[in-house]
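Asker: Dumping the structure here so I can ask a few things about it.
Protein chains: 2
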Amino acid sequence: MKNINIRELAQQLNLSVSTVSKALNDSHEISDETKKRVLKTAATLNYVPNPYASSLRGRKSKNIGVVIPEVADSFFSIAINGIESVAKEKGYHVLICLTHESFENEKNILKEFQGGRVDGVIMSVSRETIQSDHISDLISNGVPLILFDRVCEDVETAKITTDDFESSYKATEHLVAQGCKKIAFLGISKSLSLNSKRQEGYVQALNDHDLKSGNKHIIHCTNELKPNYRLVKKLLQQKNRPDGIVASMEKLTTPVYTACADLNLSIPQDVKMVCFSNLETASILNPSLTTITQPAFEMGKTAASILFRALKKTNLSLTKSSIVIPSSLMIRSSTT
Amino acid sequence: MKNINIRELAQQLNLSVSTVSKALNDSHEISDETKKRVLKTAATLNYVPNPYASSLRGRKSKNIGVVIPEVADSFFSIAINGIESVAKEKGYHVLICLTHESFENEKNILKEFQGGRVDGVIMSVSRETIQSDHISDLISNGVPLILFDRVCEDVETAKITTDDFESSYKATEHLVAQGCKKIAFLGISKSLSLNSKRQEGYVQALNDHDLKSGNKHIIHCTNELKPNYRLVKKLLQQKNRPDGIVASMEKLTTPVYTACADLNLSIPQDVKMVCFSNLETASILNPSLTTITQPAFEMGKTAASILFRALKKTNLSLTKSSIVIPSSLMIRSSTT
């Protein structure tokens, strides 16, 4: 069925375009009866408001944008569900855009969003993002943006994060308690503040337990399976190989497990592993994986709730709305 | 930095708005030198075209929409990468919208897309979708739409699928060869043609090997972990419990493995399992999982390539562009 425009709809109803427009916008000038009649006919005749025309008149797009590095990571796929749970309630569509960990892509997406396609944005930055002018530009153009998980410290907005320092500290301390003496840290990217906090938590725990961390045991991984496998294998072939691993990224699980199998190292007897991960299959891996499970759904939901508050009340102090939601250590067979 | 509009840009350049507009649209009326000058100044002053105004003048949105049930499924997250690999090359943004398996959501998203936000759509239908007027409506409004993986047979457009019947037949035959006598089929939804084909492949293989399939051994699962766990547990507690399972959905892995563990049934000794799955962790599960691995990246890439051909050449026969790309059976320890 072809959709009709507002002029055709008005003709069908024998009303003026202005009356129909007011009825569709729920104006107090129009009677409830007329509103009902307009809405019913609009639905029957498949009337779709032209978002471009509406936007030029200053109406909202009723879309929010979610900008994340990827979806092949349980944290992000669960966080999206949290965001959508709020957006659905508010009658908004969620447009998800992926940066694939590229700063260039991230800048292009935010530039595109300046045009008014979305009313607000929820974002987790790419591993390459080292400056934040593109984010400040969008905000100064009147599009509120909330950061979650991977944030830029210097942007003045709400940041929904988890306790990266503390949970990494706790994970490292757990490995120490299980007898590990040489613990390695596998990071995502030097430029991410989230990564720095996790690394600091790891270093602090080692210091507090009189275990020195050599630089050799801090590795920054890539985003690809095969290069990560090679990095991990090289680490485990060192003479002074680690007996414990704190991994900062879910997708390090397969390379670590595979490299250990290929080198005849047993998990947890030879190498113990704990991973920041929301993998549903963590409990059925061989062996089951000890994880730092992030509150992914809750973080997405909280970010969306704050964004909708900002859309309603433009003088809301976003910086003061920042929240830290703690992660939990789930101990399984890869460390015990 | 605040972005400027075309009028301000023209002022800065000391040119007319019309000349700037023509230069930005690469008109032959404008000299290369002027075009370069306009583009350079536009970049420096952060000029962002207003997509709404552009669209009213009939220009393209340079967005394509991807409508899928969810991203917490490796098939879809990999397929997105295939789609994006083509879109990036063409200078298009990809807007991902999730239906969360709801027909209502799916209809709303396509209705929203009628407004001109996207130039074309790539879609995999929800488990609830039993009719396709919403899809035909969008297509008849001039937005080309390509279906992939989960398709509606009656929509006249390009469909990118895998060999669901054949691969399910092959998987069932593999279980028979491994000695299974009572093989169960765990489906997604009765209404999906993809599911019917997989179920038919399973039934055909049983018939060809003189194994009768009782209705009790065909189950349609939900989209949630806990109800699926209960369904699977009930199935495995039957007196005449299956000794083999063909699962049509990646997310059945955790409930099957967990139910078997809780019932003290060993995989593969007591129950063998093969699953339609692109899980990266399939090889490190306990035991490693035999999968029917779908060509997810290739399917996404192919769908996007055909969509861009359709955007360029409006008289392209989409129905004739349908393609079937075969899956492969990866035999691992859950069946051997």
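Line by line, the protein sequences give chains C and A.
Using the numbering used here, the first residue of the first sequence is number 44, and each one after it goes up by one.
Using the numbering used here, the first residue of the second sequence is number 44, and each one after it goes up by one.
Beta carbons: idealized from backbone N, C-alpha and C, even for Gly.
This structure is a prediction, so every number in the text was calculated from the model and none was measured.
1) Distance check for C/PHE208 and C/GLU243, CA to CA, integer angstroms please.
2) So what does C/MET316 bridge to, in DSSP terms?
3) Determine the direct distance from the alpha carbon of A/ILE231 to that of A/SER117, and round the result to whole angstroms.
4) In whole angstroms, what separates the C-alpha of A/LEU372 from that of A/THR336?
5) Can you list, in chain order, the residues of its chain with a C-beta nearer than 6 Å to that of C/THR334? Leave out the 5 residues immediately preceding and following it.
6) Taking only the alpha-carbon atoms, compute the straight-line gap between C/ILE182 and A/ASN106 and give it to the nearest angstrom.
7) Compare the C-beta of C/LYS269 with all C-beta atoms of chain A and state if any pair is closer than 8 Å.
8) So, using beta-carbon positions, are C/LEU153 and C/HIS177 closer together than 8 Å?
9) Do A/ASP192 and A/SER167 come within 8 Å of each other at the CB atom, strictly closer than that value?
10) Within a Cβ cutoff of 7 Å, which residues of the same chain sit near C/ALA96, ignoring the five residues on either side of it in sequence?
11) Which residues in the same chain have their Cβ closer than 7 Å to the Cβ of C/VAL299, if we skip the five residues on either side of it in sequence?
12) Taking the alpha helix (DSSP H) that A/LYS276 belongs to, which residues open and close that run?
13) Distance, Cα to Cα, C/LEU190 vs A/VAL219?
14) Quick check: the region 193 to 202 of chain C against the region 261 to 273 of chain C, are there 3 or more CB pairs under 8 Å?
15) Does the region 296 to 311 of chain C come close enough to the region 359 to 368 of chain C that 3 or more CB-CB pairs lie under 8 Å?
16) Does the distance from the CB of A/LEU328 to the CB of C/LEU332 come in under 8 Å?
17) Could you work out which residue in A/LEU52, A/ASP313 and A/CYS264 is closest to A/GLU293 when comparing CA atoms only?
18) By Cβ distance below 7 Å, which residues in the same chain neighbour A/SER179 in space, the five residues on each side in sequence not counted?
19) So, A/SER145 versus A/GLU171, is the Cβ gap smaller than 8 Å?
20) Judging by CA-CA distance, which residue of A/GLY222, A/PRO338, A/ASP253 and A/ASN238 is the nearest neighbour of A/THR378?
21) List the residues of chain C that A/LEU274 touches, going by C-beta distances under 7 Å, in chain order.
22) Comparing the C-beta of C/THR379 with each C-beta of chain A, is any distance below 8 Å?
23) Can you tell me whether C/THR379 is helix, strand or coil according to DSSP?
24) Mind checking C/SER348: buried by the 16 CB within 10 Å criterion, or exposed?
25) Along chain A, in chain order, which residues have C-beta atoms closer than 9 Å to that of C/TYR300?
26) Contact criterion: CB-CB distance below 8 Å. Does C/LYS154 meet it with respect to chain A?
27) Restricting to Cα atoms, I'd like to know which of A/ILE123, A/ALA115, A/GLN55 and A/VAL81 is closest to A/PHE340.
28) 8 Å is my cut-off, CB to CB: does C/GLU196 come that close to chain A?
29) Below 7 Å CB to CB, which residues in the same chain sit around A/TYR272 once its five sequence neighbours on both sides are set aside?
30) Taking beta-carbon pairs under 9 Å, can you tell me which members of the region 129 to 145 of chain C lie near chain A?
31) Is there at least one Cβ from chain A nearer than 8 Å to C/TYR95's Cβ?
32) Should C/SER61 be flagged as near chain A, meaning a C-beta pair shorter than 8 Å?
33) Taking only beta-carbon atoms, is C/THR296 less than 8 Å away from chain A?
34) Could you please give me the residues that DSSP links to C/ALA227 through a beta bridge?
35) What residue range does the alpha helix (DSSP H) around C/ASN151 cover?
36) Can you find the residues in the same chain that come closer than 6 Å, C-beta to C-beta, to A/LYS202, ignoring five residues on each side of it along the sequence?
Answerer: By the coordinates alone:
1) Inter-residue distance for C/GLU243 and C/PHE208 is about 6 Å (C-alpha atoms, whole angstroms).
2) C/ILE288
3) 16 Å
4) 6 Å
5) CYS318, SER320, ALA325 and MET373
6) 22 Å
7) no
8) C/HIS177 is positioned such that its CB atom lies closer than 8 Å to that of C/LEU153.
9) It is a contact, given that the beta carbons lie within the stated cut-off.
10) Residue placement at C/ALA96 is flagged as unreliable, the pLDDT there being 47, under the threshold of 50; the coordinate-derived value follows with that caveat. Excluding sequence neighbours, C/ALA96 sits near nothing in its chain.
11) Excluding positions up to five away in sequence, the list reads VAL275, ILE288, ALA290 and MET316.
12) 268 to 280
13) 52 Å
14) no
15) No: the two stretches stay apart, fewer than three of their Cβ pairs being nearer than 8 Å.
16) No, the Cβ-Cβ distance between A/LEU328 and C/LEU332 is not below 8 Å.
17) A/CYS264
18) Leaving aside the five residues that flank A/SER179 on each side, the residues in its chain whose CB is nearer than 7 Å to its CB run, in chain order, VAL198.
19) yes
20) A/GLY222
21) By Cβ distance, chain C contributes nothing, its closest Cβ being about 17 Å from A/LEU274, past 7 Å.
22) no
23) coil
24) C/SER348 comes out buried.
25) Neighbours of C/TYR300 on chain A, chain order: THR324, SER326 and ILE327.
26) yes
27) A/ILE123
28) no
29) PRO298, THR301 and ALA302
30) Per Cβ criterion, the list reads LYS131, HIS136, VAL137, LEU138, ILE139, CYS140, LEU141 and HIS143.
31) Since pLDDT at C/TYR95 reaches only 48, below the 50 mark, its modelled position is unreliable, and no value is offered.
32) no
33) Yes, C/THR296 counts as interfacial toward chain A.
34) C/ALA227 is bridged to C/ILE288.
35) 146 to 156
36) LEU190, VAL194 and SER365
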